[in-house]
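Following: one structure in structure tokens, then a few remarks.
Structure below.
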């Protein structure tokens, strides 16, 4: 079964509130079998216009696991923290 990835491009508006989101979401990601591959750090958009300067990539064991995380009650509550602190594009993608 192929792995799946959450690819997020984020424009953080409130760094303190965004840190609270990261602290709250990390155990939920881990509970659903996810792990960070990219989490902030240096990034450069070489084509097109990125919606934000922060890129996050999270690997899940399957597309179903990624979707279950995103739609879980725990994440539904936590997602509001991210949405209040930032704007973003979130994509679920199946891959190797």
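Residue numbers (our numbering): 6 to 101.
All C-beta atoms, glycine included, are put in the ideal place defined by N, C-alpha and C.
Using a 10 Å radius around the Cβ and a threshold of 16 neighbouring Cβ atoms, would you call residue i buried or exposed?
i	result
residue 50	exposed
residue 81	exposed
residue 87	buried
residue 9	buried
Among the options, which has the Cα closest to the Cα of residue i?
i	options	result
residue 71	24, 22, 41 and 93	41
residue 55	97, 9, 37 and 14	14
residue 84	43, 61 and 27	27
residue 37	23, 24, 79 and 22	79
residue 25	89, 7 and 53	89
residue 7	96, 66, 23 and 53	66
residue 73	101, 97 and 52	97
With H, G and I counted as helix, E and B as strand and the rest as coil, what does DSSP make of residue i?
i	result
residue 99	strand
residue 19	coil
residue 48	coil
residue 55	coil
residue 93	strand
residue 40	strand
Since residue i contacts residue j with CB under 8 Å, what's their CB separation in whole angstroms?
i	j	result
residue 39	residue 63	5 Å
residue 91	residue 18	6 Å
residue 48	residue 16	Not really, about 12 Å apart at Cβ, beyond 8 Å.
Taking the Cβ atom as the reference point for each residue, do residue i and residue j lie within a distance shorter than 8 Å?
i	j	result
residue 12	residue 77	no
residue 99	residue 68	yes
residue 43	residue 31	no
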